[in-house]
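> The structure follows.
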Amino acid sequence: MTTKKADYIWFNGEMVRWEDAKVHVMSHALHYGTSVFEGIRCYDSHKGPVVFRHREHMQRLRDSAKIYRFPVSQSIDELMEACRDVIRKNNLTSAYIRPLVFVGDVGMGVNPPPGYTTDVIIAAFPWGAYLGAEALDQGIDAMVSSWNRAAPNTIPTAAKAGGNYLSSLLVGSEARRHGYQEGIALDVNGYISEGAGENLFEVKDGVLFTPPFTSSALPGITRDAIIKLAKELGIEVREQVLSRESLYLADEVFMSGTAAEITPVRSVDGIQVGEGRCGP
Numbered sequence: 251m252t253t254k255k256a257d258y259i260w261f262n263g264e265m266v267r268w269e270d271a272k273v274h275v276m277s278h279a280l281h282y283g284t285s286v287f288e289g290i291r292c293y294d295s296h297k298g299p300v301v302f303r304h305r306e307h308m309q310r311l312r313d314s315a316k317i318y319r320f321p322v323s324q325s326i327d328e329l330m331e332a333c334r335d336v337i338r339k340n341n342l343t344s345a346y347i348r349p350l351v352f353v354g355d356v357g358m359g360v361n362p363p364p365g366y367t368t369d370v371i372i373a374a375f376p377w378g379a380y381l382g383a384e385a386l387d388q389g390i391d392a393m394v395s396s397w398n399r400a401a402p403n404t405i406p407t408a409a410k411a412g413g414n415y416l417s418s419l420l421v422g423s424e425a426r427r428h429g430y431q432e433g434i435a436l437d438v439n440g441y442i443s444e445g446a447g448e449n450l451f452e453v454k455d456g457v458l459f460t461p462p463f464t465s466s467a468l469p470g471i472t473r474d475a476i477i478k479l480a481k482e483l484g485i486e487v488r489e490q491v492l493s494r495e496s497l498y499l500a501d502e503v504f505m506s507g508t509a510a511e512i513t514p515v516r517s518v519d520g521i522q523v524g525e526g527r528c529g530p
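The numbering used here puts the first residue of the sequence shown at 251, with every later residue one more than the last.
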């Protein structure tokens, strides 16, 4: 039984109690990974709860569904309002929000039958720092995984799909078995792709570098926010292929993502990054 994290979940347009939000064990998504999802942060502010890059997240959810041809009946505005409803219903001021579109019990064929529909849930609950509270201040130790990201023409990396995260499980669990907090994946050509569940940035000589999407990196929304803010601050940003050894020689390395937020990396493969602390 799952640990209860909130009182209610939005499920196909209705608020249901956390313990009653159930699906059948023969659901297609459970067998074949046919789901797309988002991770969104809601922050407390003097104006009340504020959802970070809300519309962009819901647009990506719809885009992910479009790539896999999953029908979604709700509009972006309707999904956004559902997020706000579940935040209010659970009396939350800051939260992690998880919208999920999945294929339910539509049969055992890999290809869903004509005219099938999807189920949509939105959960919201308190969740602290993904890699630990101390990670945001002290940084983490990461390792380059022996597992590569799949080529873009095998699994579409622009889609935030449930099945894609089996790769993340391999990358992250390998790192933890070896005593690191997170793993870094290379692409099929041996260039840096991203973290197990985060985008990756390097700083060298005042320039901000990040791998391009062609290196099998997810088009991260936090990544996009960082790039835009950096440019506004006059920091040069380069999206280019990056070698493994560039991690060792960088002045700074950090990971970004909705769950991870902005997490500094103090070492890679046991090699200290820069001065081994946050910032320049």
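Ideal Cβ positions, reconstructed from N, Cα and C, are used throughout, including at glycine.
Could you tell me the distance, in whole angstroms, from the CA atom of aspartate 501 to the CA atom of tyrosine 346?
Aspartate 501 and tyrosine 346: Cα-Cα distance of roughly 31 Å.
> Flag this pair as touching only if the stretch 337 to 345 and the stretch 462 to 475 have three or more C-beta atom pairs under 8 Å; answer yes or no.
No, they do not touch.
> May I ask which residues mark the beginning and end of the beta strand (DSSP E) holding alanine 510?
Premise fails: alanine 510 is in no beta strand (DSSP E) and is neither H nor E.
> If you compare alpha carbons, which of Tyr366, Gly289, Gly529 and Thr460 is closest to arginine 488?
The candidate whose alpha carbon is nearest that of arginine 488 is Thr460.
> In this structure, how does DSSP classify leucine 381 when only helix, strand and coil are distinguished?
In the structure shown, leucine 381 sits in coil (DSSP, three-state: anything other than H, G, I, E or B).
> Tell me, please, which residues DSSP counts as bridged to asparagine 414.
The partner list for asparagine 414 (beta bridge, DSSP) is empty, contrary to what the question assumes.
> CB tyrosine 335 to CB tryptophan 268, shorter than 8 Å?
Contrary to the premise, residue 335 reads as aspartate rather than tyrosine in this sequence. Result no, Cβ atoms of aspartate 335 and tryptophan 268 do not sit closer than 8 Å.
> Confirm, please, whether the CB-CB distance from arginine 348 to alanine 373 is below 8 Å.
A contact, by the Cβ cut-off of 8 Å.
> Where does leucine 492 fall in DSSP's three states?
Coil at leucine 492, not helix or strand.
> Please report the residue range of the beta strand (DSSP E) in which valine 292 lies.
Note that residue 292 corresponds to cysteine in the displayed sequence, not to valine. Taken as a continuous stretch (DSSP letters only), the beta strand (DSSP E) holding cysteine 292 covers 290 to 293.
> Go ahead and pull the three-state DSSP assignment for threonine 472.
Helix, per DSSP.
> With respect to the beta strand (DSSP E) encompassing lysine 297, which residues constitute its N-terminal and C-terminal limits?
Taken as a continuous stretch (DSSP letters only), lysine 297 belongs to no beta strand (DSSP E), as it is neither H nor E.
> For histidine 304, which residues from the same chain have a beta carbon less than 8 Å from its beta carbon, with the 5 sequence-adjacent residues on both sides left out?
Excluding sequence neighbours, histidine 304 sits near Ile290, Met330 and Cys333.
> Kindly indicate which residue of Pro376, Val356, Tyr498 and Ala379 has the alpha-carbon position closest to the one of lysine 369.
Checking the sequence, you will find aspartate at residue 369 rather than lysine. Measuring from the Cα of aspartate 369, the nearest candidate turns out to be Val356.
> Identify which residue in Gly526, Ala510, Gly520 and Ile521 has its Cα closest to the Cα of leucine 386.
Out of Gly526, Ala510, Gly520 and Ile521, Ala510 has the C-alpha closest to the C-alpha of leucine 386.
> Would you list, in sequence order, the uninterrupted beta strand (DSSP E) runs of no fewer than 3 residues that lie entirely inside the stretch 251 to 289?
Segments of the beta strand (DSSP E) lying fully in the stretch 251 to 289: 258 to 261, 264 to 267 and 285 to 287.
> Whose C-beta lies closer than 7 Å to the C-beta of leucine 483 among residues of the same chain, with five residues either side of it excluded?
Cβ within range, chain order: n/a, list empty.
> Keeping to the same chain, check which residues put their C-beta closer than 7 Å to that of serine 418; ignore five residues upstream and five downstream.
If we look at serine 418 and ignore the five residues flanking it on each side, its Cβ neighbours are Ala446 and Gly447.
> Once DSSP output is grouped into helix, strand and coil, what is the label at glutamate 498?
Rather than glutamate, the amino acid found at residue 498 in this sequence is tyrosine. In the structure shown, tyrosine 498 sits in a helix (DSSP, three-state: H, G or I).
> Using a Cβ-Cβ cutoff of less than 8 Å, which residues in the same chain neighbour tyrosine 498 once the five nearest sequence positions on both sides are dropped?
Correct list, in chain order: Val518, Asp519, Ile521 and Val523.
> Which value, in whole angstroms, describes the spacing of the CA atoms of glutamate 525 and aspartate 313?
Their Cα atoms are separated by approximately 40 Å.
> Quick check: the Cα distance between arginine 516 and threonine 367, rounded to an integer number of angstroms?
About 46 Å.
> Under the three-state reduction of DSSP, which class applies to glutamine 309: helix, strand or coil?
The answer is helix: DSSP assigns glutamine 309 an H, G or I state.
> For a quick check, are the C-beta atoms of isoleucine 337 and leucine 350 less than 8 Å apart?
Going by C-beta atoms, isoleucine 337 is not nearer than 8 Å to leucine 350.
> In three-state terms, what does DSSP make of valine 394?
If DSSP states are grouped into helix, strand and coil, valine 394 belongs with the strands.
> Output yes or no for whether 8 Å exceeds the beta carbon distance between methionine 505 and leucine 436.
Not a contact, by the Cβ cut-off of 8 Å.
> Is it true that the CB of glycine 433 sits closer than 8 Å to the CB of alanine 392?
Yes, Cβ-Cβ distance for alanine 392 and glycine 433 is below 8 Å.
> In the DSSP assignment, the alpha helix (DSSP H) including arginine 244 goes from what residue to what residue?
Absent from the model: residue 244. The displayed extent of the chain is 251 to 530, so no value can be given.
> Answer yes or no: do valine 353 and proline 362 have a C-beta to C-beta separation smaller than 8 Å?
Yes, the Cβ-Cβ distance between valine 353 and proline 362 is below 8 Å.
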